[in-house]
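Asks: Residue numbers for the sequence shown follow the working numbering, so the first one is 584 and each next one is one higher.
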Amino acid sequence: MSQIAEGNERAFRQLYDLYWAKLYNYLIRIIKSPEITEEIVIDIFLKLWTGRELLHNIQHLDGFLRKVAYNKAMDFFKIASRDEQLKRIVAREMEMEETSGADHRLLDGESRGILQQAILQLSPQRRLIFTLSREKGLTHEQIARQLNLSRNTVRNSMAEALKSIRQYLKSNDIEPLIALGVFFSS
Numbered sequence: 584m585s586q587i588a589e590g591n592e593r594a595f596r597q598l599y600d601l602y603w604a605k606l607y608n609y610l611i612r613i614i615k616s617p618e619i620t621e622e623i624v625i626d627i628f629l630k631l632w633t634g635r636e637l638l639h640n641i642q643h644l645d646g647f648l649r650k651v652a653y654n655k656a657m658d659f660f661k662i663a664s665r666d667e668q669l670k671r672i673v674a675r676e677m678e679m680e681e682t683s684g685a686d687h688r689l690l691d692g693e694s695r696g697i698l699q700q701a702i703l704q705l706s707p708q709r710r711l712i713f714t715l716s717r718e719k720g721l722t723h724e725q726i727a728r729q730l731n732l733s734r735n736t737v738r739n740s741m742a743e744a745l746k747s748i749r750q751y752l753k754s755n756d757i758e759p760l761i762a763l764g765v766f767f768s769s
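#1: Going by other Cβ atoms of all chains shown within 10 Å of its Cβ, with 16 needed for buried, is N731 buried or exposed?
#2: If you draw a straight line from the C-alpha of L715 to the C-alpha of I662, how long is it?
#3: Between L721 and the rest of its own chain, which residues show a CB-CB distance below 8 Å, the 5 nearest in sequence each way excluded?
#4: Given a cut-off of 7 Å, decide if E718 and R734 are closer than it, judged by their beta-carbon atoms.
#5: Whole angstroms is fine: what's the gap from Y653's alpha carbon to G696's?
#6: Taking Cβ positions, are I748 and I726 nearer each other than 7 Å?
#7: If you compare alpha carbons, which of P617, N608, L638 is closest to E589?
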C-alpha cells in the first residue's frame, strides 16, 4: 500500500490483479449487467489510483473495497431509477439472467472444469495459497502466518498464480473474468 501511495505502478498492477475478479464477482451479483459492473470496477480502481496518497489510512483493504463497491452500486441504482434508458438496461439484464437456463449452467460446468485444471497446473505452494485466498477467503497476512511465509511471498505467489490461471484459461478460449466469476460466485 505504501508503494502504491508513492506512485509505484507495478505495485498498483499487483493490487489490481488481486482484486479485479473479487470486486467484479461481488458487483455482478448486485448489478446483473457485465458491462455496467465492469465500468464500476474500472471506476473504483481509477479512483483508488488518483487518491493513492490516502492509502496509508486504509487498515482493511478487503472491507474498504467491498464498501466502496457497494456504495458505487447503490449510486448506480439511484441514477438508474431516474433514467428510463438505464431502467430498461437493468431490467433486460435481470431478465436475461433469469432465462439463461440450462445452457448457462452447462457453460458454467465446463468453465469450472477448465478452471479446476488451471488450478491443478499450479505448483503445490501456489495452489495452496490460491485456495486459501479465493476459496477460504483468507487475507495475505493470514495465509503468511498460517504457512509461515512472508507476506511478500504470499502476495507474489498469488499474483503469479492468477497470471498462470488467466493464461491457461485464455489458451482454452475461456474468458478469465467469466470463468473466475463462475467459480467464485457459487
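Backbone N, C-alpha and C fix where the C-beta goes; we use that ideal spot for every residue, glycine too.
Replies: Answer, in terms of the structure:
#1: To locate residue 731, count along the sequence shown from 1; it is residue 148. Under this definition N731 is an exposed residue.
#2: Taking the first residue of the sequence shown as 1, we reach residue 715 at position 132. Taking the first residue of the sequence shown as 1, we reach residue 662 at position 79. Looking at the two C-alpha atoms, the distance is approximately 37 Å.
#3: In the sequence shown, counting from the first residue as 1, residue 721 sits at position 138. Spatial neighbours of L721 in its own chain (CB-CB distance under 8 Å, excluding positions within 5 residues in sequence) are listed in chain order as L715, Q729.
#4: Locating residue 734 in the sequence shown gives position 151, where the first residue counts as 1. Locating residue 718 in the sequence shown gives position 135, where the first residue counts as 1. Not in contact: R734 and E718 (Cβ atoms no closer than 7 Å).
#5: Position 70 of the sequence shown holds residue 653. Position 113 of the sequence shown holds residue 696. Looking at the two C-alpha atoms, the distance is approximately 30 Å.
#6: Within the sequence shown, numbered from 1, the residue matching residue 748 stands at position 165. Within the sequence shown, numbered from 1, the residue matching residue 726 stands at position 143. Not a contact, by the Cβ cut-off of 7 Å.
#7: Numbered from its first residue, the sequence shown carries residue 589 at position 6. The shortest Cα separation from E589 among P617, N608, L638 belongs to L638.
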